[in-house]
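Numbering (this note's numbering), first residue to last: 2 to 499. Note that the Cβ used here is the ideal one computed from N, Cα and C, for glycine as well. These numbers were taken from a predicted model, which means no experiment stands behind them.
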Amino acid sequence: MLANILYVIIAILIVTTLYVVVRTLVFARRQRNVTAIVAVPVDDACVAQHLAEAVRCPTVPLDDRGTPDPEAFERLHRMLEETYPLVHRILEREVVSGYSLLYTWRGTQSELESVMVMAHQDVVSADPASLDQWTHPPFAGHVTNDFIWGRGTLDIKNQLIGIMEAAETLLSRGYQPERTILFGMGHDEETGGVNGCKVMGQLLRDRGIHLAGIVDEGGGIFDGLAAGVRGPVALVGVSEKGYLTVEITVQGQPGHSSTPPPQTAIGILAGALARLETHPFPTRIRRLRPMYHGIGRAAPIYLQVAFANVWLFGPFLRRWLTAIPEMNASIRTTTALTIVQGGVEDNTVPSEARAFVNFRLLPGDSIAEVLARATKVIDDERVTITPVPGKFNEALPISPARGPAYEGLKQVIREIFDNPPVAPYVMLGGTDCQHFVPVCDHIYRFTSLVMDERFRGLEHGIDERIPIDGMGKMVQFYARLFQAWGTPGMFPGQGEVS
Ligand SMILES: [Zn+2]
2 MLANILYVII AILIVTTLYV VVRTLVFARR QRNVTAIVAV PVDDACVAQH LAEAVRCPTV
62 PLDDRGTPDP EAFERLHRML EETYPLVHRI LEREVVSGYS LLYTWRGTQS ELESVMVMAH
122 QDVVSADPAS LDQWTHPPFA GHVTNDFIWG RGTLDIKNQL IGIMEAAETL LSRGYQPERT
182 ILFGMGHDEE TGGVNGCKVM GQLLRDRGIH LAGIVDEGGG IFDGLAAGVR GPVALVGVSE
242 KGYLTVEITV QGQPGHSSTP PPQTAIGILA GALARLETHP FPTRIRRLRP MYHGIGRAAP
302 IYLQVAFANV WLFGPFLRRW LTAIPEMNAS IRTTTALTIV QGGVEDNTVP SEARAFVNFR
362 LLPGDSIAEV LARATKVIDD ERVTITPVPG KFNEALPISP ARGPAYEGLK QVIREIFDNP
422 PVAPYVMLGG TDCQHFVPVC DHIYRFTSLV MDERFRGLEH GIDERIPIDG MGKMVQFYAR
482 LFQAWGTPGM FPGQGEVS
């Protein structure tokens, strides 16, 4: 009898182990290496000077509504025209909303859907209080042996110049794409893109244009961003989290603090806020599976096993991932209490207390669902929850991490950057490409740069700078992308980008 039970247990263990092993082998496939490609000859020093010149045009918004500085934009547009004469002779250039630029590089086969690459022209300001902390002034466009310095070198004039430089070089060598390639260059991304790319997106829709693929800023090649993985991984943003700020208010009976009510408006509000914080949104571990699937065998074996078998190792993954802020934000809608206000006198019971709470929505969670859940968690009729006008947008649809557009992009990344694993992820912030969701189902956010410790995270910061060789590689990347996306069927097995 006992022996029988033992046999059954052993049999279950063997079957389970086999199942786990097979699932792991299927999940974490090895990516076939591709041969390195030099798409076009690039003169790094010359490109560096061009980027420096673009940095010297201080395209900083004049206010927080994103009002552009006409002089700076005029200077940037003139610089582009003078530096890239073939682009301006052969491509069509349209000015949208006065400052945004839409270039059309006509393909030979007009029946093919167009593709688009993007980069915004505006940059954030440099805090006057910290100007003396910059090694080189933010808008001087200084070039040293290794780096190009200044505001916009990482966000994202590097991409603007990369696109222009690659197109100019390909044009000089007689290249013409089969598929039409658009360049979408907004002027107010840092303030939401409502006058630039939003209008441009509507323009394309009105013209009946549907895009087969978009590459915009975001992502990059990182070491250590995917938890538990060592070595470079190319992360391609396939979606963006949503955004919702709510105002939470409580009205109370004002009075003297010598005879207080059992609970003041502040107490009621505090209770509501505490409940929100102690009831975080549920985690969705499976949302990270595509990323670890893309990383494949480059991930340590225990992670391959765990992500291939979330049904078994989910609890272990949950405990580990929720302790890492970036990973936690990648697997759930997050809740952040950001502002609290109430009361003016130390001896007076206030008539009102209010707070602001900022949620970042995981794709799949809607604003309506988040509001409903917050109301249920707070469960107090004395508390009013209102979305703040202009402070909410839904999470974006997830672009597929397969199909010709993605496969073409992946192939180019592996050719130019020495075969890193390429994996999809959900961006925590937002970009201009959100405005093209109505005209494109394959939107990818990838900044073609190996982010290393020397400059990683300096976007919007002090001493923003990009390595000169990294900038050269970016030109290579775009030239190769234009060839790959511009020539359908270029890669064996890639087929038609659609
Ligand atoms: Zn940017």
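- In angstroms, rounded to a whole number, what distance separates the CA positions of residue 455 and residue 481? In the sequence shown, the residue the question calls residue 455 occupies position 454. In the sequence shown, the residue the question calls residue 481 occupies position 480. The straight-line gap from Cα to Cα measures roughly 27 angstroms.
- Excluding sequence positions up to five away, which residues of its chain have a Cβ less than 6 angstroms from the Cβ of residue 196? Here the question's residue 196 lines up with position 195 in the sequence shown. Result list for residue 196: 98, 189, in chain order.
- Item | Distance cut-off 7 angstroms: residue 121 Cβ against heavy atoms of ligand 1 | If you number the sequence shown from 1, residue 121 lands on position 120. Checking every heavy atom of ligand 1 against the Cβ of residue 121, one is found closer than 7 angstroms.
- Fully enclosed by the region 131-195, which beta strand (DSSP E) runs are 3 residues long or longer? 148-150, 182-186
- Query: What are the partner residues of residue 217, as DSSP defines its beta bridges?
  - Reply: Counting from one through the sequence shown, the residue named residue 217 turns up at place 216. DSSP lists 446 as partners of residue 217.
- Task: May I have a chain-ordered list of the alpha helix (DSSP H) segments no shorter than 4 residues that lie completely inside the region 330-377?
- Result: none
- Task: Quick one: residues in its chain with C-beta nearer than 6 angstroms to the C-beta of residue 335, no 5 flanking neighbours on either side, listed in chain order?
- Result: Taking the first residue of the sequence shown as 1, we reach residue 335 at position 334. Answer for residue 335: 361, listed in chain order.
- Query: For residue 192, which residues from the same chain have a beta carbon less than 6 angstroms from its beta carbon, with the 5 sequence-adjacent residues on both sides left out?
  - Reply: Against the sequence shown, residue 192 aligns to sequence position 191. Excluding sequence neighbours, residue 192 sits near 62, 67.
- Item | Closest residue to residue 47 among 375, 472, 310 (Cα-Cα distance) | By 1-based counting over the sequence shown, the position of residue 47 is 46. Measuring from the Cα of residue 47, the nearest candidate turns out to be 472.
- Task: Name, in chain order, the residues that DSSP records as bridge partners for residue 235.
- Result: Along the sequence shown, one-based indexing puts residue 235 at 234. Answer is 222, 423, bridged to residue 235.
- Can you find at least 3 beta carbon pairs, one from the region 218-227 and one from the region 446-465, that sit closer than 8 angstroms? yes
- Task: Could you tell me whether the Cβ atoms of residue 198 and residue 436 are closer together than 8 angstroms?
- Result: Reading the sequence shown from its first residue, position 197 is the one you call residue 198. Reading the sequence shown from its first residue, position 435 is the one you call residue 436. In contact: residue 198 and residue 436 (Cβ atoms closer than 8 angstroms).
- With respect to the alpha helix (DSSP H) encompassing residue 86, which residues constitute its N-terminal and C-terminal limits? Position 85 of the sequence shown, counted from the first residue, corresponds to residue 86. Unbroken alpha helix (DSSP H) run through residue 86: 86-91.
- Please report how far the alpha carbon of residue 128 lies from the alpha carbon of residue 393, in whole angstroms. Here residue 128 corresponds to residue number 127 of the sequence shown, with the count starting at 1. Here residue 393 corresponds to residue number 392 of the sequence shown, with the count starting at 1. Distance between the alpha carbons of residue 128 and residue 393 is about 27 angstroms.
- Task: Can you have a look at residue 42 and say buried or exposed, based on whether 16 or more other CB atoms are within 10 angstroms of its CB?
- Result: Locating residue 42 in the sequence shown gives position 41, where the first residue counts as 1. Exposed, since its Cβ has fewer than 16 Cβ neighbours within 10 Å.
- Measuring CA to CA, which of 486, 149, 407, 44 is closest to residue 443? Taking the first residue of the sequence shown as position 1, residue 443 is located at position 442. Of the listed residues, the one whose Cα sits closest to residue 443 is 407.
- Message: Less than 6 angstroms between C-beta atoms, sequence neighbours within five positions excluded: which residues of the same chain meet that for residue 84?
- Response: If you number the sequence shown from 1, residue 84 lands on position 83. Excluding residues within five positions, the ones whose Cβ falls inside 6 angstroms are 51.
- Query: What separation, rounded to the nearest whole angstrom, lies between the Cα atoms of residue 209 and residue 119?
  - Reply: Translated into the one-based positions of the sequence shown, residue 209 becomes position 208. Translated into the one-based positions of the sequence shown, residue 119 becomes position 118. Distance between the alpha carbons of residue 209 and residue 119 is about 19 angstroms.
- Under 6 angstroms Cβ to Cβ from residue 200, same chain only, skipping five residues before and after it: list those, please. Along the sequence shown, read from residue 1 onward, the residue named residue 200 stands at position 199. The answer, listed in chain order, is 97, 98.
- Query: Applying the criterion that 16 or more other CB atoms from any shown protein chain within 10 Å of the CB defines a buried residue, is residue 302 buried or exposed?
  - Reply: As a first step, residue 302 is located in the sequence shown; it is residue number 301 there, counting from the start. Label assigned to residue 302: exposed.
- For ligand 1, any of its heavy atoms closer than 7 angstroms to the Cβ of residue 218? Start at 1 with the first residue of the sequence shown, and residue 218 comes out as number 217. Yes, since a heavy atom of ligand 1 falls inside the 7 angstroms radius drawn around the Cβ of residue 218.
- Query: Relative to the alpha-carbon of residue 39, which residue among 413, 294, 290, 89 has its alpha-carbon at the smallest distance?
  - Reply: Locating residue 39 in the sequence shown gives position 38, counting from the first residue. Nearest option by C-alpha distance: 413.
- Query: So, using beta-carbon positions, are residue 235 and residue 423 closer together than 8 angstroms?
  - Reply: Locating residue 235 in the sequence shown gives position 234, where the first residue counts as 1. Locating residue 423 in the sequence shown gives position 422, where the first residue counts as 1. Yes, the Cβ-Cβ distance between residue 235 and residue 423 is below 8 angstroms.
- Item | residue 426 versus residue 292: straight-line alpha-carbon distance, rounded | Counting from 1 along the sequence shown, the entry for residue 426 is found at position 425. Counting from 1 along the sequence shown, the entry for residue 292 is found at position 291. Computed Cα separation, rounded: 6 angstroms.
- Expected contact under 8 angstroms - CB spacing of residue 433 and residue 238 to nearest Å: Your numbering for residue 433 matches position 432 in the sequence shown. Your numbering for residue 238 matches position 237 in the sequence shown. Not quite, the Cβ-Cβ distance comes to about 12 angstroms (not below 8 angstroms), so this is no contact.
- Residues in its own chain within less than 8 angstroms of residue 305 by CB, not counting five upstream and five downstream? In the sequence shown, counting from the first residue as 1, residue 305 sits at position 304. Cβ neighbours of residue 305 beyond the five flanking positions: 25, 28, 29, 293, 297, 298.
- Is the region 353-360 in contact with the region 242-250, if contact means three or more CB pairs nearer than 8 angstroms? yes
- Item | Span separating the alpha-carbon of residue 264 from that of residue 284 | The residue labelled residue 264 in the question sits at position 263 within the sequence shown. The residue labelled residue 284 in the question sits at position 283 within the sequence shown. Residue 264 and residue 284: Cα-Cα distance of roughly 34 angstroms.
- Inspect the beta-carbon positions of residue 109 and residue 203 and report whether they are closer than 8 angstroms. Numbered from 1 along the sequence shown, position 108 holds the residue referred to as residue 109. Numbered from 1 along the sequence shown, position 202 holds the residue referred to as residue 203. Residue 109 places its beta carbon 8 angstroms or farther from that of residue 203.
- Query: Under a three-way DSSP split, which group does residue 394 fall into?
  - Reply: The count along the sequence shown starts at 1 and reaches residue 394 at position 393. Three-state result, residue 394: strand.
- Message: In this structure, how does DSSP classify residue 116 when only helix, strand and coil are distinguished?
- Response: Locating residue 116 in the sequence shown gives position 115, where the first residue counts as 1. Strand, per DSSP.
- Looking at residue 28 and ligand 3, is the gap between the Cβ and the nearest heavy atom below 7 angstroms? Among the ligands modelled here, namely ligand 1, ligand 3 does not occur.
- Message: I need the straight-line Cα distance from residue 468 to residue 160, nearest angstrom please.
- Response: On the sequence shown, residue 468 is found 467 positions in, with the first residue counted as 1. On the sequence shown, residue 160 is found 159 positions in, with the first residue counted as 1. Each residue's Cα considered, the two are about 13 angstroms apart.
- Taking Cβ positions, are residue 417 and residue 483 nearer each other than 8 angstroms? Translated into the one-based positions of the sequence shown, residue 417 becomes position 416. Translated into the one-based positions of the sequence shown, residue 483 becomes position 482. Their beta carbons are not under 8 angstroms apart, which means residue 417 does not touch residue 483 by this criterion.
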